[in-house]
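Here the numbering used here is used: the first residue of the sequence shown is 11, the next is one more, and so on.
From the three backbone atoms N, C-alpha and C, an ideal C-beta is built for every residue, glycine too.
Have a look at the structure below before the remarks.
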Amino acid sequence: MELRSVRDADVAGKRVLVRVNFDTPTKNGAITDGTRLRDVIPTLELLRKREASKIILLTHVGRPGGKMVEALRVALQEQALHQLTKVPFEVLENLRFDPREEANDQIFAKELGSLGDVFVNEAFSVSHRTQASVVGITKFLPSYAGLRFEEEIQKLSEALTPPKGALAIIGGAKFETKQPLIEKLLSSYSKVLLGGALGNDVIKARGLSVGASLVSNVPVPTAIASEARLEIATDTVVSERDKHVERTALTNDIRAVEAIVDIGPNTARAWAEEITGASFVLWNGPMGIYEDGHTRGTDALAEALAGSPAKAVVGGGDTVAAISKFSFDSARVFISTGGGAMLEFLTKGTLPGIEPLKK
Ligand code: ADP
Ligand code: MG
Numbered sequence: 011m012e013l014r015s016v017r018d019a020d021v022a023g024k025r026v027l028v029r030v031n032f033d034t035p036t037k038n039g040a041i042t043d044g045t046r047l048r049d050v051i052p053t054l055e056l057l058r059k060r061e062a063s064k065i066i067l068l069t070h071v072g073r074p075g076g077k078m079v080e081a082l083r084v085a086l087q088e089q090a091l092h093q094l095t096k097v098p099f100e101v102l103e104n105l106r107f108d109p110r111e112e113a114n115d116q117i118f119a120k121e122l123g124s125l126g127d128v129f130v131n132e133a134f135s136v137s138h139r140t141q142a143s144v145v146g147i148t149k150f151l152p153s154y155a156g157l158r159f160e161e162e163i164q165k166l167s168e169a170l171t172p173p174k175g176a177l178a179i180i181g182g183a184k185f186e187t188k189q190p191l192i193e194k195l196l197s198s199y200s201k202v203l204l205g206g207a208l209g210n211d212v213i214k215a216r217g218l219s220v221g222a223s224l225v226s227n228v229p230v231p232t233a234i235a236s237e238a239r240l241e242i243a244t245d246t247v248v249s250e251r252d253k254h255v256e257r258t259a260l261t262n263d264i265r266a267v268e269a270i271v272d273i274g275p276n277t278a279r280a281w282a283e284e285i286t287g288a289s290f291v292l293w294n295g296p297m298g299i300y301e302d303g304h305t306r307g308t309d310a311l312a313e314a315l316a317g318s319p320a321k322a323v324v325g326g327g328d329t330v331a332a333i334s335k336f337s338f339d340s341a342r343v344f345i346s347t348g349g350g351a352m353l354e355f356l357t358k359g360t361l362p363g364i365e366p367l368k369k
């Protein structure tokens, strides 16, 4: 996929609008993870080196629903980024304070466009949204992909056409949202391992009892459930609701009162070995309810990934949070910050925000 790159943009003496995603996690008015701020710095440095006259950042923060919400102003992110880089920039107030942003309103897009001479998309993670600052604005300005945006596309494109013997691991929740991705992966990956609540759905579809486990209310199509290259856990960690009784259960031996909270130790070991032997690994979705401390399955896979020679792409908001305590060789393991945009890109091979940047 050939995109117009910010590296090829003529920005000298020009005002450059950069769409970023500064919707950073915060707690008690402080940013708890500044990854999204740090990710844009290389593009800002490039723009300064190329003598852009002004850099104006465009972002949304949270979901203010088209009106001003004091707690969602951009000042917090703006200050934090000024502490991370000396490159001068301004930040426009939260785009989603204006209802026209999410509506992809063309007049709003034109107004935004009039603030600059060149547009750079450095917000891959919102590029599945047809919104004024992502799609609409590209009609009015010469538009380019930012450096981090390009890296996302390059790494995720490798995951779209993996080498022979590639392994996909999908977990997390809401089968229906990830079903198209699973179907896609079954056409290009040797094996798809399914854990998390998504695994519960296939366990159930294969006629086993999942007891009180979380399942989707949309049934799994038989074509997927019967696919031999789709593997489910052979053992699980189950917990009895409201009692803190936990045990390891074979997947065909789950009682009505028990809920699956993680993949079991044998499965974790087997899947870790699969990772070690794979040519390429794509991983999205935690293996268990990690927020409640059921992290063992997810941890085992992360450890295997950190120690294996395989190239890998890992992504998903919860997945990235769950594995943040591990460190990976960045030349081998790419951690996508794309979230929903990553899932959509892997399913469809493009996004609304990518199309206008194509050469
Ligand atoms: P990502 O954001 O990485 O794509 P998802 O949003 O799909 O991941 O899923 C994350 C959620 O899945 C977490 O809230 C986690 O608790 C939940 N989950 C994982 N395993 C289970 C399970 N066995 N039962 C219920 N929920 C689960
Ligand atoms: Mg999530």
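Return yes when the Cβ of residue j is within less than 8 angstroms of the Cβ of residue i, no when it is not.
{"i": "VAL128", "j": "VAL30", "result": "no"}
{"i": "ASN210", "j": "ILE299", "result": "no"}
{"i": "ARG151", "j": "VAL101", "result": "Checking the sequence shown, residue 151 turns out to be Leu, not Arg. In this structure, VAL101 does not lie closer than 8 angstroms to LEU151 by Cβ."}
{"i": "ALA243", "j": "THR286", "result": "no"}
{"i": "LEU166", "j": "ALA178", "result": "no"}
{"i": "HIS138", "j": "PRO362", "result": "yes"}
{"i": "VAL323", "j": "ARG158", "result": "no"}
{"i": "VAL71", "j": "ASP33", "result": "yes"}
{"i": "GLY146", "j": "GLY181", "result": "no"}
{"i": "ALA389", "j": "LEU356", "result": "Residue 389 falls outside the range modelled here, since the chain spans only 11 to 369, and no answer is possible."}
Check whether chain D comes within 8 angstroms of residue i, counting only Cβ atoms and requiring the distance to be less than that.
{"i": "THR187", "result": "The structure shown contains no chain D; it holds only a single protein chain."}
Buried or exposed: which applies to residue i, given that a residue is buried once 16 or more other Cβ atoms fall within 10 Å of its Cβ?
{"i": "ASN38", "result": "exposed"}
{"i": "ILE333", "result": "buried"}
{"i": "ALA266", "result": "exposed"}
{"i": "GLU160", "result": "buried"}
{"i": "VAL255", "result": "exposed"}
{"i": "MET297", "result": "buried"}
{"i": "ALA133", "result": "buried"}
{"i": "ALA40", "result": "exposed"}
{"i": "GLN141", "result": "buried"}
{"i": "LEU6", "result": "Past the edges of the chain, shown from 11 to 369, lies residue 6, and the structure says nothing about it."}
With residue i and residue j assumed to form a contact (beta carbons below 8 angstroms), what rounded beta-carbon distance in angstroms separates them?
{"i": "ALA183", "j": "LEU240", "result": "No, ALA183 and LEU240 are not in contact; Cβ-Cβ is about 17 angstroms, not under 8 angstroms."}
{"i": "LEU54", "j": "VAL97", "result": "4 angstroms"}
{"i": "ALA316", "j": "SER337", "result": "7 angstroms"}
{"i": "PHE99", "j": "ARG110", "result": "Going by Cβ atoms, the distance from PHE99 to ARG110 rounds to 24 angstroms, so no, they are not a contact pair."}
{"i": "LEU47", "j": "GLN87", "result": "7 angstroms"}
Rank the options by C-alpha distance to the C-alpha of residue i and give the top, closest one.
{"i": "ALA341", "options": "THR360, LYS321, GLY348 and LYS358", "result": "LYS321"}
{"i": "SER200", "options": "LEU367, PRO366, LEU292 and THR246", "result": "LEU292"}
{"i": "THR261", "options": "GLU283, ILE117, ARG73 and GLY221", "result": "GLY221"}
{"i": "ASP108", "options": "THR95, ARG83 and ASN131", "result": "ARG83"}
{"i": "GLU301", "options": "ALA278, PRO319, ASN276 and GLY327", "result": "GLY327"}
{"i": "THR305", "options": "SER236, VAL28, GLY274 and GLU193", "result": "GLY274"}
Completely contained alpha helix (DSSP H) runs for the region 155-179, where each covers 4 or more residues: Listed in chain order, they are 157-170.
Length-filtered (4 minimum) alpha helix (DSSP H) runs lying within the region 203-257: The DSSP assignment places complete alpha helix (DSSP H) segments of no fewer than 4 residues inside the region 203-257 at 206-215 and 232-235, in order along the chain.
Secondary structure, alpha helix (DSSP H): runs of 4+ residues fully inside the region 64-134: Listed in chain order, the alpha helix (DSSP H) elements of length 4 or more contained wholly in the region 64-134 are 85-94, 109-112 and 116-123.
Within the region 12-60, ranges of the beta strand (DSSP E) (whole runs, at least 3 residues): The DSSP assignment places complete beta strand (DSSP E) segments of no fewer than 3 residues inside the region 12-60 at 25-29, in order along the chain.
Those runs of the beta strand (DSSP E) which lie wholly inside the region 251-315 and span at least 3 residues: Considered as a whole, the region 251-315 harbours 256-260, 268-273 and 290-294 as its complete beta strand (DSSP E) runs of no fewer than 3 residues, in chain order.
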